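Here is the structure we will look at, set down as structure tokens.
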Amino acid sequence: MSDKYTPKKTDKFAFGIWCIQNRGRDPFGDVTRPERSVRECLEGLAKRNVYAFEFHDNDIIPFGASAAERDRCIRELRKLMDDLGIKATVITTNLFYHPIFKDGAFTSTDPAIRAFATQKVMQCLDVGHEVGAEVYVFWGGREGTEVDASKDPITANGYFRDAVNFLCEYVLDNGYNIKFSIEPKPNEPRGDLYLPTVGSVLAFIQTLDHPEMVGTNPEVAHIKMAGLNVYHEFAQALDAGKLLDVHLNDQKPLRYDQDLTFASENLKEAFFLVKLLVDHNYDRTIGFDAHPYRTEADPWDFVERNMRNYLILKEKVQRFNEDREVQDLLREIHGVHPEWVGAFTKYSKDAAQRLKQAQFDVEALTNRRLPYERLDQLLTEILLGVR
Ligand code: GLT
Ligand code: MN
């Protein structure tokens, strides 16, 4: 059965294949679901009109595979993608699972491990090019410390910078159409990770040789682990022209990385994230990076629910944006004193002079009406379905 919340390819939804393959293991308990082949995962996604999938090199090609084995894996994957009509828009390298990366990849204290990690990424970029991926995600899962005595953070950032600079040149040299995206996370699996927030990533990007080739893909759960505002963090990336992908999921604040279904925990927060993407015409893939509860037998209710929640919230955004009373309130809040709109956005001596001499009615400005209780209630009622 389908309804207006049934996804279409044009919604451009994507899932990490690792989300579908997730077997429910956690630090305290073993797997709860059977292994699922790449074919089974992609068939299930394609059947539900998912536009694309994201993957790590080792989700498709086993660690340490021979060149022949690698070529066979890619051939099979490309055939499967063609047959199913599903794209691979985002690729990434697993630089965290193998114990060689136990103290970091790009920021390992051992230059040979840093070189090995960089080699692994180059090989992954070749794969990305072959499957038509446009974005390469770097999630620095092991890039951090428990023992700060072990490395200087400026040196470690320098190692990171060297690797990204080198890899940008590699992409340019080979004429690949791929951009890099750094995914921030504050902690887990390390005690503290480098580049913990969107702001840190944006600042770091400006220190690179090719800042125009690098952006970010924030993840809801990672932001909430840091106790920050999801709407504001994504907005910061979008405003900087750096939002290359999104990792949607949900999370109870300030806890271990929960990777819950999008909008399963905080509807209002999820609403504002969808509103941001809709209002500002974000047109890249809408990626979900979450796991089914470990009590689930298979991933399909989970897959459907993530997309459905997004589409329902998209409708709520439209309703909010078209609601007469909401819009009247917003006009009242923002529409006062039109004589000052844009009056000092562009500097001139005249404008400065005028501003210096202007008289303000401080009391009237202080006492203006800000009907936020009413505004927030209207949103609550839209979200609860009574408006
Ligand atoms: C890992 C992590 C995610 C990253 C993935 C990309 S893998 O599951 O929890 O947030 O996006 O490497
Ligand atoms: Mn992620």
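Numbering of the sequence shown is given in my numbering, commencing with residue 8 and proceeding in unit increments.
Virtual Cβ for every residue (Gly too), placed ideally from N, Cα, C.
Only a predicted model underlies this, so the values are computations on that prediction, with no experimental measurement involved.
Next item on the list: Work out the CA separation of residue 209 and residue 151 for me, nearest whole Å.
Entry: 18 Å
Check: Going by beta carbon distance, what residues of the same chain come within less than 8 Å of residue 193, once the five residues before and after it are set aside?
Finding: 199, 200, 203, 204, 229, 232 and 233
Next item on the list: Determine the extent of the beta strand (DSSP E) in which residue 353 is found, giving its start and end residues.
Entry: Looking at the DSSP string, residue 353 is not in any beta strand (DSSP E), and its letter there is neither H nor E.
Next item on the list: Could you please give me the residues that DSSP links to residue 143 through a beta bridge?
Entry: Per DSSP, 98 and 187.
Check: Which value, in whole angstroms, describes the spacing of the CA atoms of residue 18 and residue 157?
Finding: If I take the Cα positions, the gap works out to 46 Å.
Check: Helix, strand or coil for residue 252 per DSSP?
Finding: coil
Next item on the list: For residue 162, name the three-state secondary structure that DSSP assigns.
Entry: Helix.
Check: Between residue 212 and the rest of its own chain, which residues show a CB-CB distance below 8 Å, the 5 nearest in sequence each way excluded?
Finding: 189, 218, 221, 222, 223 and 249
Next item on the list: Per DSSP, which residues does residue 310 bridge with? Please list them.
Entry: Residue 310 is not bridged to any residue.
Next item on the list: Identify, in the order they occur along the chain, each residue of the same chain with its Cβ nearer than 6 Å to the Cβ of residue 242, setting aside the five sequence neighbours on each side.
Entry: Within the same chain, residue 242 has close Cβ partners 283.
Checklist line | Integer-rounded CB distance, given that residue 21 should sit under 8 Å from residue 292 | finding: At roughly 4 Å, the Cβ-Cβ gap stays under 8 Å, so residue 292 and residue 21 are in contact.
Next item on the list: Could you give the DSSP three-state label for residue 293: helix, strand or coil?
Entry: strand
Checklist line | Buried/exposed call for residue 115, threshold 16 Cβ in 10 Å | finding: buried
Check: Out of curiosity, what's the CA-to-CA distance linking residue 246 and residue 238?
Finding: 12 Å
Item checked: Paired residues, beta bridge with residue 221 - DSSP -> 187
Next item on the list: May I have a chain-ordered list of the beta strand (DSSP E) segments no shorter than 3 residues that lie completely inside the stretch 20-46?
Entry: 20-23
Check: Sorted by chain position, which residues of the same chain lie with C-beta nearer than 6 Å to residue 254's C-beta, five sequence neighbours on each side aside?
Finding: 224, 226, 294 and 296
Item checked: Straight-line gap, residue 376 to residue 328 (C-alpha atoms, nearest Å) -> 21 Å
Item checked: Nearest neighbour of residue 322, chosen from 285, 290 and 101 [CA to CA] -> 285
Notebook entry, point to check: Apart from the five residues just before and just after residue 258, which ones in its own chain have a Cβ nearer than 7 Å to its Cβ?
Noted result: Result list for residue 258: 227, 228, 231, 232, 265, 267 and 272, in chain order.
Margin query: Are there any heavy atoms of ligand 2 lying less than 7 Å away from the beta-carbon of residue 90, as far as the coordinates show?
Written below: Residue 90: no, Cβ never under 7 Å from ligand 2.
Note to self: By alpha-carbon positions, which one of 393, 256, 179 and 303 ends up nearest to residue 277?
What the structure shows: 256
Check: Are three or more beta carbon pairs between the stretch 127-146 and the stretch 165-178 nearer than 8 Å?
Finding: Per the Cβ contact rule, the stretch 127-146 is in contact with the stretch 165-178 (3 or more Cβ pairs under 8 Å).
Next item on the list: Answer yes or no: do residue 31 and residue 39 have a C-beta to C-beta separation smaller than 8 Å?
Entry: yes
Note to self: Whole angstroms are fine: how far does the CA of residue 369 sit from the CA of residue 347?
What the structure shows: About 15 Å.
Check: Among the residues of its own chain, which have a CB less than 8 Å from the CB of residue 46, if the five just before and after it don't count?
Finding: 87
Check: Should residue 391 and residue 336 be called a contact, given that it needs their Cβ atoms to be closer than 8 Å?
Finding: No; because the gap between Cβ atoms is not below 8 Å, this pair is not in contact.
Next item on the list: Quick one: grab the DSSP three-state call for residue 61.
Entry: strand
Check: In chain order, what are the residues with a CB under 5 Å from some non-hydrogen atom of ligand 2?
Finding: Selection output, chain order preserved: 226, 254 and 296.
Check: By a C-beta neighbour count over all protein chains shown, 10 Å radius and 16 as the cutoff for buried, is residue 3 buried or exposed?
Finding: Nothing about residue 3 can be reported from this structure: the residues present for the chain run from 8 to 394 only.
Check: Considering only residues of the stretch 228-284, which uninterrupted beta strand (DSSP E) runs meet the minimum length of 3 residues and lie entirely inside it, listed in chain order?
Finding: The stretch 228-284 contains these whole beta strand (DSSP E) runs: 253-255.
Check: Does the Cβ-Cβ distance between residue 142 and residue 97 come in under 8 Å?
Finding: It is a contact, given that the beta carbons lie within the stated cut-off.
Notebook entry, point to check: What's the C-alpha gap between residue 373 and residue 159?
Noted result: 48 Å
Checklist line | DSSP state of residue 206 mapped onto helix, strand, coil | finding: helix
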